[in-house]
Amino acid sequence: MRARRQAKPLLTMEELRLREVERERAEIESEAARLVERRRQAATTVDADGALTPAVYRAIFALEPGAYYASRHWTRRTKAQRATAPQCEVERCVERDQLRVQHLSHRALGEEQVNIDLITLCDPCRRRADKHARDRGRLLSRAEIVKLDPRRPLYEPATIAALKSRYARPLRRSDLRR
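The numbering used here puts the first residue of the sequence shown at 97, with every later residue one more than the last.
The structure is reproduced here in structure tokens:
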């Protein structure tokens, strides 16, 4: 018995901690997969049985973003965001229709805070923000999105001319009737 107590442990504390983290991750992923599959088969929300942990919401988003956006959690977040920002948040835009709530980033997925992680945008401003983000190769901050100018052309005239010449087609009779 004494020799057994003095023997080197089979696993170090670090190895035990890593195994526990891996077990928890696998458990979260399997729960998310089960909920997404149940949503596909039964046409219910993933959180129909009650609120989930942020880690499960993140795993659901990784598997199927549409399942996350159809959840009760996302519905509550969008209602709260729309209550605090009832119109497009771009300064020079006055649009109050066709509004959508979107993430500024996905870091706080499952635990989004109103006006911190979420922003309310109309469709034209959302497309403009997405284009600027693609052009810069990074997500835009809230301040950058708010400062967008909705009246400015989305594409430069030179870019439009290049696209027109690239995809030019012969005139049709229907073109002449206009």
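Beta carbons are placed, not taken as given, at the ideal position from N, Cα and C, and that holds for glycine.
Shown here, H199 sits in a strand according to DSSP, grouped into three states.
Distances from the alpha-carbon of E185 to those of D213, L217, E208 and N211 put L217 closest.
In the three-state scheme derived from DSSP, where H, G and I count as helix and E and B as strand, L107 is classed as coil. Judged by beta-carbon spacing, A128 lies within the 7 Å limit of A155, meaning their Cβ atoms are closer than that value.
Taking C-alpha positions only, L107 is separated from H199 by approximately 42 Å. Here I212 carries a coil assignment [DSSP, helix/strand/coil]. Taking a cut-off of 8 Å on C-beta distances, the segment 153–172 does not touch the segment 225–235, as fewer than three cross pairs fall below it. Between the alpha carbons of D143 and C189 lies a gap of roughly 35 Å. Pairwise C-beta distances place the segment 197–215 out of contact with the segment 133–147, as fewer than three of them are shorter than 8 Å. Its chain contains C184 and C218 as the residues whose beta carbon lies nearer than 6 Å to that of E191, once the 5 sequence neighbours on both sides are disregarded; these appear in chain order. Annotated as proximal: E207 and P150, with beta-carbon spacing under 7 Å. In the structure shown, L148 falls within a coil segment according to DSSP collapsed to helix, strand and coil. Counted as a single uninterrupted DSSP element, the alpha helix (DSSP H) harbouring P220 occupies residues D219 to R232.
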